[in-house]
Amino acid sequence: SGQDMVSILQLVQNLMHGEEEEETSQSYRLQNVGEQGHMALLGHSLAAYISVLDRERLRKLTTRILSDTTLWLCRLFRYENGSAYYHEDDREGLLKICRLVIHTRYEDYTLEGFNVLYTKQPVIYISSAARTGLGQALCNQLGLPLSCMCRVPCNTMFGSQHQMDVALLDRLIKDDVESGKLPLLLVANAGTPGAGHTDKLGRLKELCEQYKMWLHVEGVNLATLALGYVSSSVLAATKCDSMTLTLGSWLGLPAVPAVTLYRHEDPSLSLAAGLTSSQPVEKLRALPLWLSLQYLGHDGIVERIKHASQLSQRLLENLKNLDFIKTSVEDELSSPVVVFKFFREYSNRDQTSHAAQASTIQHPIISNERHICDTFNQWLGEQLAQLVPASGVDVVELEDEGTCVRFSPLMTSAVLGTEIQDIDHLVDCLKMKIPVLTSTLQLREEFEQEVRGTASLLYIEDLAWPGLGVVRYNYHSDEKNDDKQEKELEKINTELLKKLNELESDLMFSLGPEFGGQKNCVYIGMVTEDLDVSELVETIIATGREIEENSRLLENMTEVVRKGIQEAQLQLQKANEERLLEEGLLRQIPVVGSVLNWFSPFQALPKGRTFNLTAGSLESTESMYVSKAQGTGSTPPPTPTSSLAKQRLPGQKAFKRSLRSSDGFSETSSISHCEDLEKQDQRPPNLSPGQEQGPLERERAEEQKEVAQAKTDTEDIHSDKSPPDCTTAEDQASQR
């Protein structure tokens, strides 16, 4: 029967926010959309309403919207005499351009189709620094084999390591021409997805004109074309054949389409390739962008892009003053993308040794150090993104630099609302994390040496763990059953982790990552420079040994208790037989025994047995009934603890290195002070500190000393006869 509008809207609201909206966290709520965002969202609903107009009015309206938007974008980004294609997927524009070039270069493609391509195979060239999976997606959509896609390596000797190697591209094109292939299209980058570097577009354009190839440019740096000052490398993009603009992320506009600007003279081929459409409804895709551009205006658009560039310059200036931070930018004066990483500095001797090691092929030490550095940078990027979410920093994997932290405000600042104070906060957080990274990296080697020097611990080398290291307590057992030994090992290390987390320390102990980590291990997180590694290792060993001893005690307890119960039963049975012999036979008869016990009671101490768990032996209970108290037995052995932990100062947390010099100074000063007091006590009261004793004074002092010694001996004699004052009430009662 259908539902009313209120019920349907309520259903949509529940699907968007969840039925329990109050219990959901803020991270799951909708993004705060500004007024310019509402204009973009309004365009979608208006497009649906406009589509119901009559055909002639709809045609005029869509033509006006499409022509205005295309004209504004071409003027804004300095692309003269261009046409525009609006699409939802940012790869769809490049796909349509490829079809346009195929129709242009193969005249009979409309009639013969694949047969034309088979006789002369087309080749599309893309950079190795391009988006992942871009080439495969193009081949799948165009119905071409992967052999039609050629990846061009980046520079390895000169220039930026993220720019396409033009000389190598020239050789590749020549080889393809000589083999009977047709160079079709080149995809260049004005801002690579990883590092934000721009290819040498001027030289690439000359090369494309030489071989009659189509040049397509994409990248985040194209947004700077709207600014007053544009670098020459990016300005060369205005001469390319086509470019793709992603205005939604640059301007913070939700649900606006991407735009591909292109130049072509034949409208029929553009229609065949799908770049233009005769359907008026298809032209309404530009309506959200048409509304948003009018709302922002030219000044508003330029201001947003300029603000993003200022954010990157502010961060780059602060990063130059930080130690252990290496930046990777193309142009320090106008680089909208900042990529940086934490790296370890070496001394002159270390640099010489590392240079010698680098000359070898894939030296394991060099590879391990790079892997560890990548792990630490991964942790650094995640921490910064968590501490300053408004910054929009993320982690990126680069081919040469490895793992780095990337700040691309053109892609994030308009959406997240990043401001200058967020960049300052990001730098402050980075300054706090650098000492932690350096300390952990330095103490990591010391920790490995300490653990490898012990027999109770096993060092687990996990290069993917961002922390001090990974250890496992070795369980020594003669058990041949591997499953049982594995379970016992897991039990001990789990209990060890629990005990370590109960200590008052700043360290983080965990079971490691959820996926890919080692089993039955203790993972130690980041540390500070005041960590005492030896105390940490000793504490882990002592705690593990205690857990192991307790585990063995529980294992042996069952057998000991069972034997003790059997022995107690035998002794109690023997005691009952002895009691029957002492009481006599008459006392065992029911009536006679009661009368006899009334006339002549038989008194016997109850003889029981107590089992001492500490000693593992049976003891009689006669002493218990005599003293009216249960004996404590032998004192259990003390819990093994670290010797360094006993010397911890009041209020000092575990595993913190104390100040050795101050401790020694205070101890020496206290001893010397006590000696001075003793000398003052021995000096006669009538003698000043600077006055010497004469013969009479020395004689009197000796007499006073003899009298004091006699009194002391008398007090010692009396004290030996009297009980000590520190006895308890029970001890005094027993002595009385």
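Read left to right, the sequence shown gives residues 934 to 1669 (this note's numbering). All C-beta atoms in this analysis are idealised placements derived from N, C-alpha and C, irrespective of residue type, glycine included.
- Task: Can you grab the Cα-Cα spacing for the pair I1393 / K1452, in whole Å?
- Result: 10 Å
- Task: Report the partner residues of D1149 according to the DSSP bridge assignment.
- Result: The sequence shown places His at residue 1149, rather than the Asp named in the question. Answer by DSSP bridge pairing, in chain order: V1120, S1175.
- With DSSP collapsed to three states, give me the class of P1187. coil
- Using three-state DSSP, classify C1087 as helix, strand or coil. strand
- Are G1026 and R1196 touching if we call contact CB-CB under 8 Å? no
- Item | Inter-stretch contact at 8 Å, needing at least 3 Cβ pairs: the stretch 1352 to 1361 / the stretch 1296 to 1315 | no
- Task: Would you check if the stretch 1167 to 1187 and the stretch 1127 to 1138 touch, i.e. whether three or more CB-CB distances between them fall below 8 Å?
- Result: yes
- Same chain, Cβ closer than 8 Å to N1310, neighbours up to 5 away in sequence not counted: K1274, F1275, V1328, G1335, T1336, C1337, V1338
- Option nearest K1239 by Cα separation, candidates L1134, I1353, E1315, N1254: I1353
- Item | Complete runs of the beta strand (DSSP E) confined to the stretch 1015 to 1057 [at least 3 residues] | 1016 to 1020
- Message: If I follow the unbroken beta strand (DSSP E) through T1336, where does it start and stop?
- Response: 1335 to 1340
- Whole angstroms is fine: what's the gap from R1377's alpha carbon to I1457's? 10 Å
- F1309 (DSSP reduced to helix, strand or coil): helix
- Query: Residues bridged to R1405 by DSSP?
  - Reply: L1391
- Message: Quick check on DSSP: helix, strand or coil for E1468?
- Response: helix
- Excluding sequence positions up to five away, which residues of its chain have a Cβ less than 7 Å from the Cβ of C1081? Q1054, P1055, V1056, I1057, C1072
- Answer yes if the stretch 1418 to 1438 comes into contact with the stretch 1475 to 1487, meaning at least three C-beta pairs across the two stretches below 8 Å, and no otherwise. yes
- Task: Rounded to whole angstroms, what's the CA-CA distance from V1110 to L1102? Just pull it up for me.
- Result: 12 Å
- So, using beta-carbon positions, are P1200 and L1222 closer together than 8 Å? no
- When the Cα atoms are used, what is the spatial distance from R1024 to E1151? 10 Å
- Item | CB-CB length for H1095 against A1063, believed under 8 Å | Actually they do not touch by this definition, with Cβ atoms about 11 Å apart.
- From the DSSP output, which residues share a beta bridge with V966? Paired residues: none, contrary to the question.
- Query: Going by the beta-carbon positions, is the gap between P1269 and N1154 smaller than 8 Å?
  - Reply: yes
- Distance, Cα to Cα, L979 vs A1188? 14 Å
- Query: For L1044, does the count of other Cβ atoms within 10 angstroms reach 16, so buried, or fall short, so exposed?
  - Reply: exposed
- Query: In terms of residue numbering, what span does the beta strand (DSSP E) encompassing V1455 cover?
  - Reply: 1455 to 1457
- Item | Three-way DSSP call (helix, strand, coil) for D937 in this model | coil
- Secondary structure of M1082, DSSP reduced to three states: strand
- Return the first residue and the last residue of the alpha helix (DSSP H) that K1364 is part of. 1353 to 1385
- V1099 - partner residues in DSSP beta bridges: The partner list for V1099 (beta bridge, DSSP) is empty, contrary to what the question assumes.
- Give the straight-line distance between the Cα atoms of R1084 and D1098, rounded to the nearest whole angstrom. 11 Å
- Inter-residue Cα distance where the pair is P1347 and L1217: According to the sequence as given, residue 1347 is Ala; it is not Pro. Between A1347 and L1217, the C-alpha separation is close to 25 Å.
- Task: Check I1473 in the structure and name its three-state DSSP category.
- Result: helix
- Message: For chain B, check one thing: does any of its Cβ atoms lie closer than 8 Å to the Cβ of R990?
- Response: Annotation note: the requested chain B is absent from the structure, which comprises a single protein chain.
- Under 8 Å between C-beta atoms of L1178 and V1192: yes
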